[in-house]
Each structure stands twice: as C-alpha cells, then as structure tokens.
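Heads up: the first sequence at position 166 corresponds to 193 in the working numbering, and the numbers run straight through without jumps. By construction, the Cβ of each residue, glycine as well, lies at the ideal position given by its N, Cα and C atoms. Here the structure is a predicted model, which is why all the values come from computation and not from measurement.
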Amino acid sequence: MRNIHPNTNDAYRLLHNGALALLRAEQQGMRVDMEYIERTTAQLTEQIDELEAVLKKTKFFRHWQHSRGNRAVNINSDVQLGNYIYNRLGFEPVKLTDSGRGAVDEESLLALGVPELESIIKIRKMRKNRDTYLGGFAREQVDGYVHPFFHLHFVRTYRSSSDRPNFQNIPKRDKEAQKITRQALYPRPGHQLLEFDYGALEVRIAACYHQDPNMLKYIREGHDLHADMTEQIFKIDKYDDAIDGHAHLRSAVKNGFVFPQFYGDYYGNNAADISGKWCGLKTKQWKPGQGVGFEGAHISDHLCTHKLGSLQKFTDHLKEIEEDFWENRFPEYHAWKRRWWAGYKKFGYIDMKTGFRCSGLMERNDAINYPIQGSAFHCLLWSFIELDRIMVLEKWNTRLIGQIHDAIIFDVSPNELDHVIKTIRRVTTQDLPKAWQWINVPLEVKGDLFPVDGSWASESTKV
DNA sequence: GGAACTCGCCAC
DNA sequence: AAACGTGGCGAGTTCC
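Structure (structure tokens):
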C-alpha cells in the first residue's frame, strides 16, 4: 500500500520549493503610490499636530505636565501616561499588563471615560498608520515597488513570517485604517489585484487530525456551527441573519467563543468578552435597556428574561455550554486533544501530517495548536508552489506577489483573468487533496477581485 | 550608542 | 488548577 503521509524529506522539499517560489514573489513586489504616501503622511502629521495642540491646552494635560516638574511630557509614552492616570489621578486600572502595571491600551483608556484619553487613542491610531505602514512602505520601496520578504524558518509551527515591510499585518478589519494604508498599494499598470483565501482552513485541517464525526458533518454538509452556537448561547429559537441583532451576536459567538475555544481558551474569558466587548454590558449586574440592539430592543432585555441577567449567571451558563461543546457536540475532537497531549508528553515531540516534526518544550495548548496551524499553512504553501510553477511554465504575465497564511495575492493581467481563476480553483481545491490524501474534507476558496489599476483599498468583487 | 526589554496593535 | 495559538514592528525605556 502506498504511504499517503508525507515524511521529513517531503517536508524539506516543501520548504525548499517554497523558498524558491516565494523568492519570485519577493522579486516581483507590489507597486506603491509614493505621491499618495507623501501627501497622506503630511496630512496625518497635520492632524496629529492639531489634536496634540488641543490636548496641550486642557487641564488634564497641564496637570500632567505639572506633575512631572521640569521633565517634558511625551504624549506617546505609555509609561508616563500610566504613571499619571493611575498613580497621580488615582484611577483603578481595569486590567494589568504582564509585568503588573496598569494597562493603557485602548480598552483600558476608554473605560475611564476621560475625553482627553480618547484623543490620545486617536493620535496613536494615526501614528500607527503613518509610521508603521505608510512609513514602512516608503522606507522599503525601490523604484515604486515594495518587496516584502517571506520567511519559512522562523516560526515554531513552520508557518511563514514576513518583514521589510511585513505583508501579513496590513489593516483590514478597521475600515478607516484599511483605506489609509491599502490605498498606497497597487497592481502593475493595466493589471488588477486578486486575492484568494481558503475558507475556515484551520478548522478543516483540524478535522483531518481529530476526525470528529460531528465536525466532519458540519464541514461536509456546510452547516453553520456559529449560528448553532449563537442559538445555544443566547437562547434564541431560530437564528436568522435578517433579524435585528442576530448577525452581530453570531460574530460575538464566533470570535468570542468558538475560535477561542479551538485555541484553548475557557468559558470565563469567553463570558467576559462576549458580554463586555461584544454586547456592551460592562457592569456585573444587567438591567433591561442595556447593551447592543436585539430584536427591536436591547440584548439585556433578552438575557434578563432568560435568567441570564448578570455576568455571574452568564459565566455559569457558558461553563455548561463549554462542557456540552466538548463532551456532546465534539467528543472525538476532545478525545483527540487528550491523546495528542499524552503523545507529546510521552515522546517529547509531535509529527504533522505534512511531514514536519516539532520538538522542544510545549504547553498543552501549544502541542495541540501547532500541528493544525502548521499544516494549514502548508496547504497554502503547496498551492503557492504549484501555482508559481504553472505561472512560469505557461509564461503568465500574471504574478503571485504575496501570501498571508491562508491567502495568496496575485497581480493579474486582465486578459488572463479567467484562466488564472480557473487554475487557482483547481489547484487549491482539487489538486492539493489529490496530492495529500490525508485531506479528507472538502476545501473551499473565495476570491476578491479589485478593479484594473485600482488600489488594494478599492471596492472588490467576489469571484 | 546599541542591545534587550515592555507595551500596544496590526494580521491570520 | 488554570485558563488564547503564531508572527512583525514602532516607540519608549533601561541597561551596559
């Protein structure tokens, strides 16, 4: 019988061929609009100066300056800010940093309800966009192109990383930051950007390891786990996108329960996050009329009538949900995690289905997460190598220009578009599972196509 | 003056 | 009993 599992040699070849394919993407690079960057950098500087000027006139700032004697305040110093608000003004930190000081991240500052702190947050965001992103592009560009590096040898899980500039953390979720940063990035003249992502890749690859029948069913039949969990957690009869508040709660459940649970989090954090961050219920005891909108009223109305009117009750509720999630919904996944951890403790290493071996000291969550994260990326890398090979063989004018863990970004020649999309779909969803037969779940990809000569911030269409 | 550290924050 | 995985990078700060 043919051994369908890649070995260490296969793993080595993947890295070798991956390095060569990524090199071509690095050499190609991505076009940047230097005029836009210069213009926008100046605008951001102006806006930052303005906000700082206003801030400096406030009582808040003058008191801060006074408290430091003749040492000048640096508005950008988290240490100075933390000392002032927690040691001088006497606010109680809502959370502490790893080293035990009062945190001054956005969440902590907003919790204090001080308007001056809100402008400090605004200044922070603008500096981030200006210095980290636009500044990074400007610093790294050569003749109007950035050439981000992609590395295959830094990450414990055998994922990739990227730097100079980092291609893998350009803002996307925050629409304002997305627009400011991605407006600097373009395809070659006459071309268009195309982004192809695997859908729920890590969840699918995890299923290849644990083979939980209920999870396989969700994946193969395309059922919506997040919707089911939303019904269970919020005691909703029938989840419905179209009903006020439902979609928001689904996001809350997806990002506040399901994914964190997969990474090894627990109900305590989940309950605090879902109620506080996602539902806007910041107190311990909830009263009707509070929090995000839900079915024409507020989420707290709904929770109170379902005997979930406090953080304590909601936490107890999520404790039961967590038990049910692992013991009844995904028992085989649960059993696999236990076996996998026991295997690491016995042998001192773990082997991935892609042929890689991870050794070294690991916590339980590490040992369980590494193989999933790693082999999910290897699926992407395999596809990247194969598409790069075909690109060279068929002499495409289209280029692969980058990769973000489960996505590939192309700079496409419009007259090749149809063929390129067809080839991408075939390689990513058909050729890969044929080459790696341990993949026994369907793979899905979705494409985003940007206009000809449009920036990465332009409106895209699904392909 | 640079190395190493902390913190915050961007991505998946 | 405790409790979230992987990175890069800018800025401030401390140490040598």
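Taking all protein chains in view, the Cβ of G291 is surrounded by fewer than 16 other Cβ atoms within 10 Å, so the residue is classified as exposed. Per DSSP, reduced to three states, the secondary structure at M61 is helical.
Counting C-beta pairs closer than 8 Å gives three or more between the segment 401-410 and the segment 370-381, which meets the contact rule. Membership of S187 in any alpha helix (DSSP H) is not indicated, and neither H nor E is assigned to it by DSSP. The alpha-carbon of H329 is positioned some 12 Å away from that of D264. Using a 10 angstroms sphere on the CB of G316, the tally of other CB atoms stays under 16, which defines it as exposed. Listed as beta-bridge partners of G474 by DSSP are F223.
Excluding residues up to 5 positions away in sequence, G283 lie with their Cβ nearer than 6 Å to the Cβ of D300 in the same chain. Separation of D458 and E413 (C-alpha to C-alpha, rounded to the nearest whole angstrom) is 9 Å. For S410, the closest C-alpha among the options R453, L444, D438 is that of R453. Linking L50 to L179 through their CA atoms gives a straight-line distance of about 11 Å.
As computed with DSSP, R426 is found in a beta bridge with D438. Following the DSSP letters along the chain, one finds D125 in no beta strand (DSSP E), marked with neither H nor E. For D378, the three-state secondary structure derived from DSSP is strand. Minimum Cα-Cα distance from T488 among the listed residues G481, L476, S482, D480 corresponds to L476. Within its own chain, the residues whose Cβ lies closer than 6 Å to the Cβ of S146, once the five positions on either side in sequence are excluded, are L78, L82, listed in chain order. Shown here, K152 sits in a helix according to DSSP, grouped into three states. Exposure of V419 is indicated by the presence of fewer than 16 other C-beta atoms within 10 angstroms of its C-beta.
Residue environment analysis places H43 among the exposed positions, since fewer than 16 neighbouring C-beta atoms fall within 10 angstroms of its C-beta. Counting only runs of 4 or more residues that sit fully inside the segment 194-220, the alpha helix (DSSP H) segments are 202-209, in chain order. DSSP, read as helix, strand or coil, puts V81 in helix. Collapsing the DSSP output to three states places H178 in a strand. The Cβ atoms of A394 and I417 do not sit closer than 7 Å to each other.
Between F223 and I428, the CB-CB gap reaches or exceeds 7 Å. Per the coordinates, the alpha-carbon of R157 lies some 6 Å from the alpha-carbon of T68. Distance check between S482 and each of H275, A138, M61 places M61 closest, using alpha-carbon atoms only.
For R384, the enclosing beta strand (DSSP E) starts and ends at 384-386. Cβ neighbours of T35 within its own chain (closer than 6 Å, five residues either side excluded): G382. Spanning the alpha carbons of T456 and R166 requires a straight line of approximately 38 Å.
Within the same chain, and ignoring the five residues on either side of V182 in sequence, the residues whose Cβ sits closer than 7 Å to its Cβ are S188.
K489 is bridged by DSSP to D475. A direct Cα-Cα distance of roughly 42 Å separates R366 from A138. Taking 7 Å as the cut-off, the beta carbon of D351 is found no closer than this to the beta carbon of G320.
Judged by DSSP in its simplified three-state form, Y39 adopts helix.
Pairing N196 with K449, the inter-Cα distance amounts to about 28 Å. Proximity of the segment 228-243 to the segment 255-263 falls short of the contact definition, fewer than three beta-carbon pairs being nearer than 8 Å.
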